[in-house]
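Below: the structure, in C-alpha coordinates.
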Amino acid sequence: MPVNSRPDRRTFLTTAGATAAALAVGARPGRAQSPDKLRVALIGVGGRGGAQLKGLGGEQVVALCDVNQDALDKAKALFPQARTFKDFRRVFDHANEFDAVAVSTAEHTHAFATLPALQLKKHVYCEKPLTYNVHEARVIRETAARMGVVTQMGTQIHAGDNYRRVVEHIQAGVIGKVTECHVWVGRAWGWHASEAEATAAKDIVFVQDRPATIDPVPAGLDWDLWIGPAPARPFSNVYVPGPKWYRWWDFGNGTMSDLGSHWIDLPFWALKLKHPKTIEASGPPVHPELAPASMQARYTYESDGEQPALTLTWYQGTRKPEIWTKKGIPQWDSGVLFIGEKGMLLADYSKFALLPEDKWVGYTPPAQSIPKSLGHHQEFIHACKTGAPTTCNFAYSGLLTEANHLGNVAYRVGHAITWDHKAMRITNAPDAERFIKRPKYRDGWKLA
(Lines of atoms letter the chains of each structure in order from A and count residues from 1; the text may use other names and numbers.)
(Lines give C-alpha, C1' and ligand atoms only; values in the text may rest on other atoms or scores of the structure.)
Protein backbone atom coordinates (compact mmCIF):
# COMPACT_ATOMS: atom_id res chain seq x y z
CA MET A 1 0.00 0.00 0.00
CA PRO A 2 1.57 3.35 -0.97
CA VAL A 3 2.54 5.48 1.99
CA ASN A 4 0.52 8.44 0.80
CA SER A 5 -2.63 6.32 0.62
CA ARG A 6 -2.43 5.14 4.23
CA PRO A 7 -4.64 6.86 6.82
CA ASP A 8 -2.78 8.72 9.53
CA ARG A 9 -2.71 7.21 13.02
CA ARG A 10 -5.23 9.67 14.52
CA THR A 11 -7.73 8.81 11.81
CA PHE A 12 -7.52 5.05 11.98
CA LEU A 13 -7.46 4.97 15.77
CA THR A 14 -10.57 7.10 16.13
CA THR A 15 -12.73 6.38 13.11
CA ALA A 16 -14.87 3.25 13.16
CA GLY A 17 -14.86 3.01 9.38
CA ALA A 18 -11.07 2.84 9.27
CA THR A 19 -10.78 -0.76 10.49
CA ALA A 20 -9.74 -2.25 7.14
CA ALA A 21 -7.16 0.44 6.53
CA ALA A 22 -5.77 0.00 10.04
CA LEU A 23 -5.28 -3.70 9.48
CA ALA A 24 -3.55 -2.94 6.17
CA VAL A 25 -0.89 -1.03 8.07
CA GLY A 26 -0.79 -3.74 10.69
CA ALA A 27 -1.96 -1.78 13.76
CA ARG A 28 -4.91 -2.84 15.86
CA PRO A 29 -7.76 -0.32 15.91
CA GLY A 30 -8.42 1.19 19.33
CA ARG A 31 -8.16 4.52 21.07
CA ALA A 32 -4.86 5.40 22.75
CA GLN A 33 -4.83 7.86 25.65
CA SER A 34 -2.70 10.10 23.41
CA PRO A 35 -3.49 9.54 19.72
CA ASP A 36 -0.11 10.97 18.70
CA LYS A 37 1.79 8.44 20.79
CA LEU A 38 2.54 4.84 19.92
CA ARG A 39 1.42 2.49 22.70
CA VAL A 40 4.37 0.19 23.36
CA ALA A 41 4.89 -3.01 25.35
CA LEU A 42 8.53 -3.75 26.19
CA ILE A 43 9.52 -7.38 26.73
CA GLY A 44 12.94 -7.49 28.34
CA VAL A 45 13.90 -4.23 30.06
CA GLY A 46 17.39 -5.02 31.40
CA GLY A 47 20.59 -5.25 29.34
CA ARG A 48 19.76 -4.42 25.73
CA GLY A 49 16.24 -3.66 26.90
CA GLY A 50 17.64 -0.51 28.44
CA ALA A 51 18.35 0.79 24.93
CA GLN A 52 14.72 0.21 24.01
CA LEU A 53 13.59 2.08 27.13
CA LYS A 54 15.58 5.07 25.89
CA GLY A 55 14.75 4.72 22.21
CA LEU A 56 11.02 4.12 22.63
CA GLY A 57 10.47 5.77 26.01
CA GLY A 58 9.20 8.97 24.43
CA GLU A 59 6.14 7.08 23.28
CA GLN A 60 3.41 5.72 25.56
CA VAL A 61 4.93 2.78 27.43
CA VAL A 62 1.99 0.69 28.62
CA ALA A 63 3.59 -2.64 29.56
CA LEU A 64 6.94 -3.77 30.96
CA CYS A 65 8.08 -7.37 31.22
CA ASP A 66 11.22 -9.03 32.55
CA VAL A 67 12.10 -12.27 34.32
CA ASN A 68 14.38 -10.26 36.62
CA GLN A 69 12.43 -8.35 39.27
CA ASP A 70 15.27 -5.88 39.82
CA ALA A 71 15.28 -4.84 36.15
CA LEU A 72 11.50 -4.67 36.21
CA ASP A 73 11.44 -2.44 39.29
CA LYS A 74 13.95 -0.02 37.75
CA ALA A 75 11.91 0.24 34.56
CA LYS A 76 8.68 0.64 36.54
CA ALA A 77 10.21 3.62 38.36
CA LEU A 78 10.62 5.31 34.97
CA PHE A 79 7.14 4.38 33.71
CA PRO A 80 4.92 4.04 36.80
CA GLN A 81 1.68 3.85 34.78
CA ALA A 82 2.75 0.73 32.88
CA ARG A 83 1.52 -2.77 33.69
CA THR A 84 4.30 -5.14 34.75
CA PHE A 85 4.79 -8.83 33.98
CA LYS A 86 7.40 -11.53 34.51
CA ASP A 87 6.01 -13.97 31.93
CA PHE A 88 5.81 -12.36 28.49
CA ARG A 89 3.06 -14.77 27.48
CA ARG A 90 0.76 -12.87 29.86
CA VAL A 91 1.52 -9.56 28.11
CA PHE A 92 -0.61 -10.73 25.20
CA ASP A 93 -3.64 -11.20 27.44
CA HIS A 94 -3.90 -7.39 27.22
CA ALA A 95 -3.32 -7.04 23.48
CA ASN A 96 -5.95 -4.31 23.06
CA GLU A 97 -3.81 -2.00 25.18
CA PHE A 98 -0.78 -1.67 22.88
CA ASP A 99 0.11 -1.15 19.24
CA ALA A 100 3.73 -2.28 19.18
CA VAL A 101 6.08 -4.64 20.99
CA ALA A 102 9.84 -4.36 21.56
CA VAL A 103 11.59 -7.67 22.30
CA SER A 104 14.94 -7.67 24.12
CA THR A 105 15.04 -11.09 25.75
CA ALA A 106 17.84 -13.64 25.34
CA GLU A 107 18.22 -15.06 21.83
CA HIS A 108 16.50 -18.38 22.52
CA THR A 109 13.19 -16.69 23.40
CA HIS A 110 13.10 -13.99 20.70
CA ALA A 111 10.77 -15.91 18.41
CA PHE A 112 8.42 -16.86 21.26
CA ALA A 113 7.86 -13.22 22.20
CA THR A 114 7.76 -12.02 18.58
CA LEU A 115 5.40 -14.55 16.99
CA PRO A 116 2.30 -13.87 19.13
CA ALA A 117 2.79 -10.13 18.61
CA LEU A 118 2.84 -10.63 14.85
CA GLN A 119 -0.19 -12.90 14.98
CA LEU A 120 -2.07 -10.17 16.83
CA LYS A 121 -1.04 -7.70 14.09
CA LYS A 122 1.22 -5.72 16.37
CA HIS A 123 4.26 -3.88 15.07
CA VAL A 124 7.47 -5.50 16.34
CA TYR A 125 10.97 -4.30 17.10
CA CYS A 126 13.25 -7.24 18.00
CA GLU A 127 16.87 -7.16 19.06
CA LYS A 128 19.40 -9.09 17.01
CA PRO A 129 19.81 -11.87 16.19
CA LEU A 130 16.18 -12.10 15.17
CA THR A 131 15.80 -15.74 16.21
CA TYR A 132 17.62 -18.71 17.75
CA ASN A 133 17.78 -20.83 14.59
CA VAL A 134 16.98 -21.03 10.88
CA HIS A 135 13.52 -22.57 11.34
CA GLU A 136 12.43 -19.83 13.73
CA ALA A 137 13.76 -17.15 11.37
CA ARG A 138 11.67 -18.59 8.56
CA VAL A 139 8.55 -18.72 10.72
CA ILE A 140 8.98 -15.11 11.85
CA ARG A 141 9.80 -13.78 8.39
CA GLU A 142 6.85 -15.48 6.72
CA THR A 143 4.40 -14.54 9.48
CA ALA A 144 5.46 -10.90 9.34
CA ALA A 145 4.88 -10.91 5.58
CA ARG A 146 1.37 -12.30 6.01
CA MET A 147 0.41 -9.90 8.79
CA GLY A 148 1.63 -6.79 6.96
CA VAL A 149 2.90 -5.09 10.10
CA VAL A 150 5.88 -2.79 10.62
CA THR A 151 8.98 -4.69 11.77
CA GLN A 152 12.56 -3.81 12.63
CA MET A 153 15.51 -5.86 13.86
CA GLY A 154 17.90 -4.08 16.23
CA THR A 155 20.88 -3.62 13.89
CA GLN A 156 21.52 -0.06 14.99
CA ILE A 157 24.64 0.50 12.86
CA HIS A 158 22.42 0.11 9.79
CA ALA A 159 21.09 3.60 10.57
CA GLY A 160 24.53 5.21 10.48
CA ASP A 161 25.69 7.45 7.64
CA ASN A 162 28.85 5.41 7.03
CA TYR A 163 27.02 2.22 6.03
CA ARG A 164 24.84 4.24 3.68
CA ARG A 165 27.84 5.76 1.92
CA VAL A 166 29.47 2.33 1.55
CA VAL A 167 26.31 0.87 0.04
CA GLU A 168 26.13 3.76 -2.43
CA HIS A 169 29.74 3.20 -3.49
CA ILE A 170 29.28 -0.54 -4.00
CA GLN A 171 25.95 -0.27 -5.80
CA ALA A 172 27.23 2.57 -8.02
CA GLY A 173 30.02 0.28 -9.21
CA VAL A 174 32.87 2.43 -7.91
CA ILE A 175 35.10 -0.64 -7.44
CA GLY A 176 33.36 -2.60 -10.19
CA LYS A 177 31.57 -5.91 -9.81
CA VAL A 178 32.31 -7.50 -6.43
CA THR A 179 33.10 -11.22 -6.46
CA GLU A 180 34.81 -11.59 -3.08
CA CYS A 181 34.06 -10.22 0.37
CA HIS A 182 35.74 -10.74 3.75
CA VAL A 183 34.20 -9.86 7.11
CA TRP A 184 36.11 -10.15 10.39
CA VAL A 185 35.62 -9.18 14.02
CA GLY A 186 38.22 -9.09 16.74
CA ARG A 187 35.92 -10.27 19.51
CA ALA A 188 36.84 -13.73 20.76
CA TRP A 189 34.16 -14.86 23.22
CA GLY A 190 33.24 -18.52 23.62
CA TRP A 191 35.15 -21.75 24.12
CA HIS A 192 38.87 -21.17 24.68
CA ALA A 193 41.66 -23.73 24.91
CA SER A 194 42.96 -22.15 28.13
CA GLU A 195 42.17 -19.52 30.71
CA ALA A 196 45.21 -17.54 29.56
CA GLU A 197 43.76 -17.47 26.05
CA ALA A 198 40.41 -16.26 27.37
CA THR A 199 42.11 -13.56 29.45
CA ALA A 200 44.12 -12.38 26.46
CA ALA A 201 40.90 -12.19 24.45
CA LYS A 202 39.25 -10.14 27.22
CA ASP A 203 36.42 -12.65 27.38
CA ILE A 204 33.83 -11.95 30.07
CA VAL A 205 33.87 -15.49 31.47
CA PHE A 206 36.07 -18.58 31.13
CA VAL A 207 34.31 -21.93 30.97
CA GLN A 208 35.09 -25.11 29.03
CA ASP A 209 32.16 -27.32 29.90
CA ARG A 210 28.78 -27.39 31.60
CA PRO A 211 29.27 -26.56 35.29
CA ALA A 212 29.26 -29.52 37.67
CA THR A 213 28.12 -27.34 40.57
CA ILE A 214 24.93 -25.37 41.13
CA ASP A 215 24.92 -21.70 42.12
CA PRO A 216 22.12 -20.04 44.08
CA VAL A 217 19.57 -18.34 41.84
CA PRO A 218 19.90 -14.56 42.31
CA ALA A 219 17.08 -12.96 44.27
CA GLY A 220 14.32 -11.79 41.95
CA LEU A 221 15.34 -13.90 38.95
CA ASP A 222 12.77 -16.41 37.70
CA TRP A 223 15.20 -18.98 36.32
CA ASP A 224 12.45 -21.27 35.00
CA LEU A 225 11.00 -18.46 32.89
CA TRP A 226 14.47 -17.42 31.74
CA ILE A 227 15.09 -20.99 30.49
CA GLY A 228 11.77 -20.83 28.60
CA PRO A 229 11.66 -23.26 25.65
CA ALA A 230 15.27 -24.49 26.10
CA PRO A 231 16.11 -27.74 27.90
CA ALA A 232 16.03 -27.30 31.68
CA ARG A 233 19.32 -27.09 33.57
CA PRO A 234 20.37 -25.94 37.05
CA PHE A 235 21.37 -22.31 37.49
CA SER A 236 24.99 -21.19 37.22
CA ASN A 237 26.62 -17.77 37.19
CA VAL A 238 28.25 -18.66 33.86
CA TYR A 239 24.87 -18.24 32.11
CA VAL A 240 23.76 -14.82 33.33
CA PRO A 241 23.85 -11.88 33.33
CA GLY A 242 23.98 -11.41 29.59
CA PRO A 243 25.72 -11.73 27.31
CA LYS A 244 27.37 -14.70 29.05
CA TRP A 245 24.55 -16.91 27.76
CA TYR A 246 25.27 -16.34 24.07
CA ARG A 247 28.17 -18.87 24.02
CA TRP A 248 25.91 -21.77 25.07
CA TRP A 249 24.34 -23.65 22.14
CA ASP A 250 21.12 -24.16 24.13
CA PHE A 251 20.61 -20.39 24.44
CA GLY A 252 22.52 -18.74 21.60
CA ASN A 253 24.96 -19.15 18.74
CA GLY A 254 28.04 -17.27 19.80
CA THR A 255 29.65 -14.38 17.98
CA MET A 256 28.63 -15.66 14.53
CA SER A 257 24.94 -14.82 14.97
CA ASP A 258 25.48 -11.92 17.36
CA LEU A 259 28.06 -9.70 15.67
CA GLY A 260 27.31 -11.24 12.29
CA SER A 261 23.99 -9.38 12.52
CA HIS A 262 25.92 -6.09 12.46
CA TRP A 263 28.94 -6.83 10.27
CA ILE A 264 27.51 -9.15 7.61
CA ASP A 265 24.61 -6.69 7.42
CA LEU A 266 26.80 -4.37 5.34
CA PRO A 267 27.63 -6.75 2.44
CA PHE A 268 24.16 -8.27 2.68
CA TRP A 269 22.70 -4.82 2.05
CA ALA A 270 25.25 -3.54 -0.44
CA LEU A 271 25.30 -6.72 -2.57
CA LYS A 272 21.58 -7.51 -2.17
CA LEU A 273 22.31 -11.01 -0.91
CA LYS A 274 19.61 -13.52 -0.05
CA HIS A 275 20.30 -17.25 0.04
CA PRO A 276 23.79 -18.81 0.17
CA LYS A 277 24.26 -21.93 -1.90
CA THR A 278 27.09 -23.60 -0.01
CA ILE A 279 28.72 -22.96 3.35
CA GLU A 280 31.86 -24.45 4.89
CA ALA A 281 33.40 -23.58 8.24
CA SER A 282 36.45 -24.33 10.32
CA GLY A 283 37.60 -23.80 13.87
CA PRO A 284 38.51 -25.78 16.99
CA PRO A 285 36.91 -29.22 17.55
CA VAL A 286 33.15 -28.84 17.92
CA HIS A 287 32.07 -28.68 21.55
CA PRO A 288 28.60 -30.09 22.36
CA GLU A 289 27.77 -27.22 24.73
CA LEU A 290 29.77 -24.17 23.71
CA ALA A 291 30.22 -22.04 20.59
CA PRO A 292 33.85 -21.33 19.66
CA ALA A 293 35.64 -18.08 20.41
CA SER A 294 37.47 -18.21 17.06
CA MET A 295 36.23 -19.69 13.79
CA GLN A 296 35.54 -18.85 10.16
CA ALA A 297 32.82 -19.65 7.63
CA ARG A 298 32.90 -19.33 3.85
CA TYR A 299 29.67 -18.77 1.90
CA THR A 300 29.15 -19.02 -1.85
CA TYR A 301 26.34 -17.11 -3.53
CA GLU A 302 25.16 -17.78 -7.07
CA SER A 303 24.80 -14.91 -9.53
CA ASP A 304 21.61 -12.91 -9.06
CA GLY A 305 20.62 -10.25 -11.57
CA GLU A 306 23.51 -7.80 -11.97
CA GLN A 307 25.38 -9.31 -9.01
CA PRO A 308 27.85 -11.99 -10.17
CA ALA A 309 28.57 -15.13 -8.16
CA LEU A 310 30.67 -14.36 -5.12
CA THR A 311 32.25 -15.74 -1.98
CA LEU A 312 31.80 -14.16 1.44
CA THR A 313 34.05 -15.30 4.28
CA TRP A 314 33.44 -14.59 7.96
CA TYR A 315 36.25 -14.61 10.54
CA GLN A 316 36.06 -14.11 14.29
CA GLY A 317 38.59 -13.92 17.09
CA THR A 318 42.09 -14.95 16.03
CA ARG A 319 41.02 -15.79 12.45
CA LYS A 320 41.74 -13.11 9.83
CA PRO A 321 41.77 -12.93 6.01
CA GLU A 322 45.07 -13.83 4.36
CA ILE A 323 45.35 -10.35 2.82
CA TRP A 324 45.13 -8.94 6.37
CA THR A 325 47.74 -11.28 7.86
CA LYS A 326 50.12 -10.43 5.00
CA LYS A 327 49.50 -6.73 5.68
CA GLY A 328 48.09 -6.12 2.24
CA ILE A 329 45.43 -3.87 3.80
CA PRO A 330 45.27 -1.63 6.90
CA GLN A 331 45.27 -3.69 10.12
CA TRP A 332 41.79 -2.83 11.36
CA ASP A 333 40.72 -5.04 14.25
CA SER A 334 37.29 -5.56 12.66
CA GLY A 335 36.23 -4.79 9.12
CA VAL A 336 34.48 -5.58 5.86
CA LEU A 337 36.58 -5.84 2.69
CA PHE A 338 34.87 -5.75 -0.70
CA ILE A 339 37.10 -6.90 -3.56
CA GLY A 340 35.95 -5.70 -6.97
CA GLU A 341 37.31 -5.73 -10.50
CA LYS A 342 38.52 -2.10 -10.19
CA GLY A 343 39.78 -2.05 -6.61
CA MET A 344 38.84 -2.67 -3.00
CA LEU A 345 36.74 -0.97 -0.36
CA LEU A 346 37.47 -1.49 3.35
CA ALA A 347 34.87 -0.43 5.91
CA ASP A 348 34.01 -0.61 9.57
CA TYR A 349 31.17 0.94 11.57
CA SER A 350 32.34 4.54 11.26
CA LYS A 351 34.70 4.87 8.28
CA PHE A 352 35.72 3.41 4.93
CA ALA A 353 38.69 3.57 2.57
CA LEU A 354 39.16 2.82 -1.11
CA LEU A 355 42.26 0.71 -1.80
CA PRO A 356 44.93 0.96 -2.98
CA GLU A 357 44.74 4.49 -1.66
CA ASP A 358 46.99 6.12 -4.29
CA LYS A 359 44.63 4.98 -7.04
CA TRP A 360 41.69 6.90 -5.59
CA VAL A 361 43.22 10.28 -4.88
CA GLY A 362 40.81 12.98 -6.09
CA TYR A 363 38.07 10.58 -7.19
CA THR A 364 34.47 11.81 -7.32
CA PRO A 365 32.17 9.87 -4.96
CA PRO A 366 28.72 8.88 -6.19
CA ALA A 367 25.79 11.13 -5.39
CA GLN A 368 24.08 10.35 -2.09
CA SER A 369 20.98 8.32 -2.88
CA ILE A 370 20.11 6.80 0.50
CA PRO A 371 18.43 9.36 2.79
CA LYS A 372 19.80 10.06 6.23
CA SER A 373 18.13 7.88 8.85
CA LEU A 374 15.79 9.36 11.42
CA GLY A 375 17.59 7.07 13.87
CA HIS A 376 17.03 3.34 14.28
CA HIS A 377 14.26 3.62 16.87
CA GLN A 378 12.77 6.75 15.34
CA GLU A 379 12.59 5.02 11.98
CA PHE A 380 10.51 2.26 13.58
CA ILE A 381 8.24 4.72 15.39
CA HIS A 382 7.73 6.79 12.24
CA ALA A 383 6.89 3.66 10.23
CA CYS A 384 4.34 2.50 12.81
CA LYS A 385 2.57 5.86 12.66
CA THR A 386 2.74 6.49 8.91
CA GLY A 387 3.29 3.19 7.12
CA ALA A 388 6.70 4.31 5.84
CA PRO A 389 9.18 1.45 5.31
CA THR A 390 11.93 0.42 7.70
CA THR A 391 15.35 -0.64 6.43
CA CYS A 392 15.88 -3.66 8.71
CA ASN A 393 12.41 -5.16 8.45
CA PHE A 394 11.99 -8.88 9.00
CA ALA A 395 11.82 -9.56 5.25
CA TYR A 396 15.45 -8.42 5.09
CA SER A 397 16.74 -9.30 8.55
CA GLY A 398 15.09 -12.72 8.46
CA LEU A 399 17.27 -13.68 5.48
CA LEU A 400 20.35 -12.20 7.13
CA THR A 401 19.64 -14.19 10.30
CA GLU A 402 19.17 -17.43 8.36
CA ALA A 403 22.50 -16.96 6.60
CA ASN A 404 24.36 -16.23 9.81
CA HIS A 405 22.92 -19.30 11.50
CA LEU A 406 23.99 -21.45 8.56
CA GLY A 407 27.62 -20.55 9.27
CA ASN A 408 27.29 -22.20 12.66
CA VAL A 409 25.39 -25.14 11.18
CA ALA A 410 28.26 -25.82 8.76
CA TYR A 411 30.74 -25.58 11.65
CA ARG A 412 28.76 -28.03 13.80
CA VAL A 413 28.16 -30.48 10.94
CA GLY A 414 31.89 -30.57 10.27
CA HIS A 415 31.91 -30.34 6.48
CA ALA A 416 30.72 -28.15 3.62
CA ILE A 417 26.95 -28.05 3.29
CA THR A 418 24.65 -27.36 0.34
CA TRP A 419 21.59 -25.31 1.22
CA ASP A 420 18.18 -25.73 -0.41
CA HIS A 421 16.46 -22.60 0.83
CA LYS A 422 13.07 -23.43 -0.66
CA ALA A 423 12.86 -26.78 1.10
CA MET A 424 14.76 -25.36 4.11
CA ARG A 425 17.09 -28.33 4.28
CA ILE A 426 20.72 -29.27 3.77
CA THR A 427 20.77 -31.67 0.86
CA ASN A 428 24.09 -33.33 1.68
CA ALA A 429 23.68 -33.71 5.44
CA PRO A 430 20.29 -35.08 6.53
CA ASP A 431 21.54 -35.30 10.13
CA ALA A 432 21.91 -31.49 10.24
CA GLU A 433 18.18 -31.04 10.75
CA ARG A 434 18.73 -30.78 14.52
CA PHE A 435 20.76 -27.61 13.93
CA ILE A 436 18.15 -26.07 11.62
CA LYS A 437 15.25 -26.66 13.99
CA ARG A 438 15.29 -27.43 17.70
CA PRO A 439 14.21 -31.10 17.97
CA LYS A 440 11.88 -30.37 20.89
CA TYR A 441 10.80 -27.38 22.90
CA ARG A 442 10.42 -27.77 26.63
CA ASP A 443 6.96 -28.75 27.85
CA GLY A 444 4.65 -25.75 28.05
CA TRP A 445 6.32 -23.95 25.12
CA LYS A 446 5.40 -24.07 21.46
CA LEU A 447 6.02 -21.89 18.42
CA ALA A 448 2.71 -21.88 16.61
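In this note's numbering, the protein residues as written are -18 to 429. No residue lacks a Cβ here, since even glycine has one placed at the ideal position from N, Cα and C.
What are the start and end residues of the beta strand (DSSP E) that includes residue i?
i: Phe319; result: Gly316 to Gly321
i: Asp401; result: Ile398 to Asp401
i: Leu45; result: Gln41 to Cys46
i: Arg145; result: Where Arg145 is concerned, there is no enclosing beta strand (DSSP E), although the alpha helix (DSSP H) it sits in stretches over Asp142 to Gln152.
i: Phe66; result: Arg64 to Phe66
i: Arg20; result: Arg20 to Ile24
i: Thr83; result: Note that residue 83 is Ala in the sequence shown here, rather than Thr. Per DSSP, Ala83 belongs to the beta strand (DSSP E) from Ala81 to Val84.
i: Glu261; result: Thr259 to Ser263
i: Leu252; result: Note, Leu252: premise wrong, no beta strand (DSSP E); not H, not E.
Between the Cα of residue i and the Cα atoms of the options, which residue gives the shortest distance?
i: Asp339; options: Val317, Glu360 and Ile310; result: Ile310
i: Pro199; options: Tyr144, Ala118, Asp80 and Gln50; result: Gln50
i: Glu270; options: Arg191, Tyr280 and Thr306; result: Arg191
i: Met325; options: Ile304, Gly343, Thr345 and Ser331; result: Ile304
i: Val115; options: Gly395, Ser378, Asn409 and Asp424; result: Ser378
i: Ala193; options: Tyr296, Asp54, Arg122 and Pro215; result: Pro215
i: Ala430; options: Ser175, Phe79 and Ala87; result: Residue 430 is absent from the structure shown; the chain starts at -18 and stops at 429.
i: His268; options: His358, Thr399 and Val188; result: Val188
i: Gly209; options: Val48, His357 and Lys366; result: Val48
i: Tyr227; options: Asn389, His363 and Phe361; result: Asn389
i: Glu414; options: Pro266, Leu355 and Arg393; result: Arg393
i: Ala348; options: Lys55, Gly30 and Arg145; result: Arg145
i: His357; options: Trp426, Ala32 and Arg279; result: Ala32
i: Gly154; options: Phe416, Val164, Thr345 and Gln297; result: Thr345
i: Ser275; options: Asp17, Leu355 and Pro265; result: Pro265
i: Phe361; options: Ala177, Arg122 and Lys103; result: Lys103
i: Gly201; options: Val105, Tyr330, Asp54 and Ile417; result: Asp54
i: Gln72; options: Val42, Pro411, Tyr113 and His89; result: According to the sequence displayed, residue 72 carries Val and not Gln. The option with the nearest alpha carbon to Val72 is Val42.
i: Trp341; options: Lys323, Asp329 and His163; result: Lys323
i: Lys436; options: Val26, Asp424, Ala404 and Asp74; result: Since the first and last residues shown for the chain are -18 and 429, residue 436 lies out of range.
i: Glu117; options: Glu88, Tyr106 and Gly129; result: Glu88
i: Arg419; options: Cys107, Ala63, Tyr113 and Lys109; result: Tyr113
i: Pro197; options: Ser217, Pro61 and Ala213; result: Ser217
i: Gly368; options: Gly30, Gly129, Ala213 and Val164; result: Gly129
i: Gln297; options: Ala272, Glu283 and Gly321; result: Ala272
i: Asp203; options: Gly30, Cys46 and Leu34; result: Cys46
i: Lys366; options: Asp424, Val105, Val164 and Lys301; result: Val105
i: Lys109; options: Arg64, Gly30 and Gly321; result: Gly30
Rounded to whole angstroms, how far is the Cβ of residue i from the Cβ of residue j, which I believe are closer than 8 Å?
i: Ala83; j: Ile156; result: Incorrect: roughly 38 Å between the Cβ atoms, too far for contact.
i: Met134; j: Leu111; result: 5 Å
i: Ala38; j: Leu59; result: Note that residue 38 corresponds to Gly in the displayed sequence, not to Ala. Rounded, the Cβ-Cβ distance is 7 Å, consistent with contact.
i: Asn385; j: Ser242; result: 7 Å
i: Lys307; j: Asp285; result: Contact flag wrong, Cβ pair sits at about 31 Å.
From which residue to which residue does the alpha helix (DSSP H) around residue i run?
i: Tyr392; result: Phe375 to Val394
i: Val115; result: Val115 to Met128
i: Arg71; result: Phe69 to Val72
i: Phe333; result: No alpha helix (DSSP H) contains Phe333, which is instead part of the beta strand (DSSP E) from Phe333 to Leu336.
i: Thr367; result: His357 to Thr367
i: Glu303; result: Glu303 to Thr306
i: Trp295; result: It is not in any alpha helix (DSSP H) - Trp295 instead sits in the beta strand (DSSP E) that spans Leu291 to Gln297.
i: Leu101; result: First-last for Leu101: undefined, no H or E at that position.
i: Trp165; result: From DSSP, Trp165 is part of no alpha helix (DSSP H) but of the beta strand (DSSP E) over Val159 to Val166.
i: Arg279; result: Element bounds for Arg279: not the alpha helix (DSSP H) but the beta strand (DSSP E), Met276 to Tyr282.
i: Thr236; result: Gly235 to Asp239
i: Gln133; result: Taken as a continuous stretch (DSSP letters only), Gln133 belongs to no alpha helix (DSSP H), being part of the beta strand (DSSP E) at Thr132 to Gly135.
Taking a contact to mean a Cβ-Cβ separation below 8 Å, would you say residue i touches residue j in this structure?
i: Pro248; j: Val166; result: no
i: Ile351; j: Val148; result: yes
i: Val281; j: Lys253; result: At residue 281 the sequence reads Thr, which differs from the Val that was named. No; because the gap between Cβ atoms is not below 8 Å, this pair is not in contact.
i: Ala76; j: Ala44; result: no
i: Ala211; j: Asp231; result: yes
i: Ile245; j: Trp295; result: yes
i: Ala495; j: Val131; result: What is shown of the chain runs -18 to 429, which leaves residue 495 out entirely.
i: Phe319; j: Ile151; result: yes
i: Ser85; j: Gly36; result: no
i: Ile260; j: Trp400; result: yes
i: Glu376; j: Ala126; result: The displayed chain sequence assigns Ala, not Glu, to residue 376. In this structure, Ala126 lies closer than 8 Å to Ala376 by Cβ.
i: Ala262; j: Ala278; result: yes
i: Tyr422; j: Asn143; result: no
i: Ala404; j: Ala397; result: no
i: Cys162; j: Leu293; result: yes
Is it the case that the stretch 224 to 237 contacts the stretch 166 to 174, given that we only count it when at least three CB pairs across the two stretches are under 8 Å?
yes
Whether or not the stretch 212 to 229 and the stretch 64 to 76 are in contact is what I'm after, with contact meaning three or more pairs of Cβ atoms, one per stretch, closer than 8 Å; do they touch?
no
Cβ contact check for the stretch 282 to 291 and the stretch 148 to 162: 3 or more pairs under 8 Å
yes
Check whether the stretch 91 to 107 touches the stretch 327 to 339, taking contact to mean three or more Cβ pairs, one atom from each stretch, closer than 8 Å.
no
For the 8 Å Cβ check, are there 3 or more pairs between the stretch 360 to 380 and the stretch 129 to 145?
yes
Is the stretch 172 to 188 touching the stretch 378 to 388 in the sense that three or more CB pairs, one from each, lie closer than 8 Å?
no
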